[in-house]
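Chains as they are written, first to last, in my numbering: chain A, 50 to 251; chain B, 50 to 251. Heads up: the structure comes next, in structure tokens.
There are 2 protein chains.
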Amino acid sequence: MGKVLKGRAGRRRGAPDTKGEILAAARTVFGERGYDGATMRAIAAAASVDPALVHHYFGTKEKLFLAAMEIPFDPAVIADSIASSAAGAGIGERAIRTFLGVWGDPAGRAPMLALLRSAMQHETAARLLRQFVSRAILGRVLVGFEGVPNGVLRAEAMASHLIGLAIIRYVVKLEPIASVSEDELIELVAPVLQQYYDGAFE
Amino acid sequence: MGKVLKGRAGRRRGAPDTKGEILAAARTVFGERGYDGATMRAIAAAASVDPALVHHYFGTKEKLFLAAMEIPFDPAVIADSIASSAAGAGIGERAIRTFLGVWGDPAGRAPMLALLRSAMQHETAARLLRQFVSRAILGRVLVGFEGVPNGVLRAEAMASHLIGLAIIRYVVKLEPIASVSEDELIELVAPVLQQYYDGAFE
DNA sequence: CGCGTAATTCATCATGTGTTGAATAATGCT
DNA sequence: AGCATTATTCAACACATGATGAATTACGCG
Chain A
50 MGKVLKGRAG RRRGAPDTKG EILAAARTVF GERGYDGATM RAIAAAASVD PALVHHYFGT
110 KEKLFLAAME IPFDPAVIAD SIASSAAGAG IGERAIRTFL GVWGDPAGRA PMLALLRSAM
170 QHETAARLLR QFVSRAILGR VLVGFEGVPN GVLRAEAMAS HLIGLAIIRY VVKLEPIASV
230 SEDELIELVA PVLQQYYDGA FE
Chain B
50 MGKVLKGRAG RRRGAPDTKG EILAAARTVF GERGYDGATM RAIAAAASVD PALVHHYFGT
110 KEKLFLAAME IPFDPAVIAD SIASSAAGAG IGERAIRTFL GVWGDPAGRA PMLALLRSAM
170 QHETAARLLR QFVSRAILGR VLVGFEGVPN GVLRAEAMAS HLIGLAIIRY VVKLEPIASV
230 SEDELIELVA PVLQQYYDGA FE
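Now the structure itself:
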């Protein structure tokens with residue numbers, strides 16, 4: 050009922066990457082409960098650590114959040130995911146494939162969920178989401194949208210659909226979308242997204 | 050700084066619909082801050098009322114939330130909105146028009162935002178959202194989807210796009226989608242949504 | 001008019017929160 | 001070996017929250 054873990058005070062033996070574990074725990078808990086719902090104590094518990102240690106490393110809750118969101122938005126993952134998509138495919142298919150590449154894996158999903166959930170309740174996180182969509186998503190998608198009339202608008206509409214998909218599939222878990230296979234999703238969504246590109250030239 | 054409103058205890062004069070004002074305030078505050086972020090005190094303040102009165106009428110916070118979400122999902126608004134759409138238009142255009150009919154008006158937007166924001170943080174609200182999407186949205190959209198292969202899946206994909214649009218336009222407020230006119234949005238989105246219907250017969 | 005009942009506020013509680021400062025234990029430099 | 005530094009926990013604070021019970025004021029029925 051009360052405290053389950055009891056390790057007496059003082060430094061641990063060895064050189065464990067406690068800071069990293071706290072960051073990982075933060076991403077998980079922020080992802081599950083959003084900024085407000087994620088308590089420092091819950092994050093500390095998930096990292097098997099005293100709450101004070103979290104503050105020792107990151108100072109404040111907001112700084113911890115920012116730190117937890119910083120790394121995973123390094124372009125690496127996303128760039129890889131885009132590259133590994135079928136090269137000849139249309140922009141619609143590449144988009145949904147990239148999307149599933151990130152969201153399909155729980156490790157990649159956690160920070161996204163954290164950002165999405167938190168953006169609904171805190172302007173700070175909303176600003177982060179804006180930046181993320183602008184840079185990571187649009188920045189790359191727009192490479193294929195140069196010279197397209199209303200390119201930004203159309204790319205953003207695509208992104209909005211993907212966000213809605215994320216919510217229905219991974220947050221609200223509405224059937225049948227929540228359980229449909231990735232291949233079926235691609236087949237269903239890709240041509241529709243593609244329309245945002247093709248539709249510009251009519 | 051401290052308390053601004055000071056009305057001493059006891060019943061008020063006249064017969065004000067305080068219960069209704071509390072409900073309206075609840076929808077607003079839940080819409081702005083989500084379930085967790087909306088405090089009883091903030092709702093009470095928005096209704097110019099003591100927090101205890103809110104409990105007196107609704108018992109618990111969750112009951113208040115459910116009460117606040119109950120009325121506005123009466124089919125009336127949505128049905129009207131659908132009817133007032135161009136009758137001959139395709140299902141894609143009707144969908145986005147209905148969507149804008151509800152979300153365009155702050156009064157209709159508040160409970161939607163409340164539901165959406167809260168669904169991100171509480172399973173109770175997520176369940177409500179599922180019900181709402183299933184009944185109100187899909188229930189009506191599916192009227193046009195009878196006999197369509199994968200009808201539910203396609204209708205749900207449409208709904209997911211609309212939810213994503215709501216988040217980008219009204220929550221995250223990403224430009225240019227946040228400021229684009231309703232007519233431009235319709236022109237942009239309607240044919241893409243329509244694809245979810247047309248695409249079933251290829 | 002008198003009185004039960006409904007509407008409203010006040011004061012208070014237990015709990016959970018973010019945060020801080022001091023205490024304790026291991027590490028690494030010299 | 002000695003000692004500053006780092007990692008870690010403990011104990012506590014100030015504050016906000018949801019909730020409750022008693023007190024106060026008005027309404028409406030007889």
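We put the CB at the ideal spot given by N, CA and C, even for glycine.
- For B/Q244, the enclosing alpha helix (DSSP H) begins and ends at E231 to D247.
- Taking 8 Å as the Cβ-Cβ cut-off, the stretch 60-94 of chain A approaches chain B at R82, G83, D85 and G86, given in chain order.
- Restricted to the stretch 86-123 of chain A, not a single beta strand (DSSP E) segment is unbroken, complete and at least 3 residues in length.
- B/G63 sits in coil when the DSSP states are folded into three classes, being neither helix nor strand.
- Per DSSP, B/F194 lies in no alpha helix (DSSP H) and is assigned neither H nor E.
- Residue burial annotation: B/V182 is buried, with at least 16 other C-beta atoms found within 10 angstroms of its C-beta.
- Per DSSP, A/P225 is not a residue of any alpha helix (DSSP H), being assigned neither H nor E.
- Where A/G213 is concerned, the enclosing alpha helix (DSSP H) starts and stops at G200 to A215.
- Spanning the alpha carbons of A/R90 and A/T109 requires a straight line of approximately 13 Å.
- Any Cβ of chain A closer than 8 Å to the Cβ of B/M169 would place that residue at the interface, and such an atom is present.
- In the structure shown, A/R57 falls within a coil segment according to DSSP collapsed to helix, strand and coil.
- Around A/R184, no beta-carbon contact reaches into chain B at under 9 Å, the shortest distance being about 12 Å.
- Excluding the 5 residues flanking it on each side, A/G80 has same chain C-beta neighbours closer than 6 Å at A159, L162 and A163, in chain order.
- Going by DSSP, B/L149 is part of the alpha helix (DSSP H) stretching over I140 to W152.
- Counting other Cβ atoms within 10 Å of its Cβ, A/D85 reaches 16 or more and is therefore classed as buried.
- Under a 10 Å Cβ-count criterion, A/F250 is classified as exposed, with fewer than 16 other Cβ atoms of the shown protein chains found around its own Cβ.
- For A/S183, there is no enclosing alpha helix (DSSP H), since its DSSP letter is neither H nor E.
- For B/R166, the enclosing alpha helix (DSSP H) starts and ends at P155 to A168.
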